[in-house]
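**Student:**
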Amino acid sequence: MNDATTSARTRSRGQLSPRRAPLQQRSLARAQQILDVTARLLDEVGFDALTTILIARDMGISVGTLYHYFPNKHAIMYAMAEQWLREVERSLAEIDGWRLADLAPEQFVDRLIERPLAVYKARHGILHLVQAMFSVPELRALDQQHDALVIERMTVAFARYGLGGTTTELGRLARAYLELTHALLLVVVNQAGIRSRRTLADLKRVTLCLLQPYIATGGNR
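Start counting at 1 in the sequence shown, then tack on 3, and there's your number in the working numbering.
1) Figure out for me which residue from Q134, L45, L173 and M157 has the closest Cα to the Cα of P216.
2) Is the beta carbon of V227 sitting closer than 8 Å to the one on H77?
3) Count the other CB atoms within 10 Å of the CB of N5; is the residue buried (16 or more) or exposed (fewer)?
4) Under 8 Å, do A96 and L38 count as touching if we go by C-beta distance?
5) Can you tell me whether A135 is helix, strand or coil according to DSSP?
6) Just to check my reading of the structure: E90 and V122 have Cβ atoms closer than 8 Å, yes? What is that Cβ distance to the nearest angstrom?
7) Measuring straight from C-alpha to C-alpha, what distance separates R102 and H71?
8) Indicate whether L214 and V191 have their beta-carbon atoms separated by less than 8 Å.
9) With a Cβ-Cβ cutoff of 8 Å, do L145 and E47 count as a contact?
10) P74 by DSSP, collapsed to three states: which one?
So this is what it looks like as structure tokens:
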């Protein structure tokens, strides 16, 4: 890596870092309030129309005060994405405590869908946040971290459940699971009523179909 590339990445990290690390409870609360307001505004106006001026106006503070905490919109989004990744990681860690051998395939799939669904539902502005993680270069690394995390943990979960296949094959299956569920869970949380319930039911059926050949060759089902 040359000096120019290193310098550019250092500048990029600096532009995404909080202006100051909030240490006191009041500062922590204000920083979290900025993230919460931004998430709500994402649902209302979308990423492109979101500005620091709009965030500050909604909070009743000056833009200068906002900049004491985050230097720009992308830094706020970066902090939101980091929070969401921690929530995803905690939900995946719970799988380690599941008694997988006791679960029928339908129950296994149900849990694999319902647990992340709760995480998606809990995060306001999730559709716009995920789209920004994918499309904004400054946030792309977090999108890649998310994908790698899900694939790694689901490969382990599939092996523990006894699905047939090598580690490489289960990793490929985990990527297919990621691409399928990540896309459709975003649809589920942005629909309402019967449409949302039907999409969720379809997702579970398709996921079961995806896993079924590996269940059949696993030898312990």
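For each residue, glycine too, the CB sits at the ideal point set by N, CA and C.
**Tutor:** The short version:
1) Ranking the options by Cα distance to P216, first place goes to L173.
2) Since the first residue of the chain shown is 4 and the last is 224, residue 227 is not available in this structure.
3) Note that N5 has pLDDT 46, beneath the 50 cutoff, so the model's placement of it is unreliable and the number below is only indicative. Exposed.
4) Not closer than 8 Å, so no.
5) Here A135 sits in helix by DSSP.
6) Taking C-beta atoms under 8 Å as the contact rule, E90 and V122 qualify, at a distance of about 5 Å.
7) Rounded to the nearest angstrom, the two C-alpha atoms are 47 Å apart.
8) V191 is positioned such that its CB atom lies no closer than 8 Å to that of L214.
9) The answer is no: Cβ separation not under 8 Å.
10) Here P74 carries a coil assignment [DSSP, helix/strand/coil].
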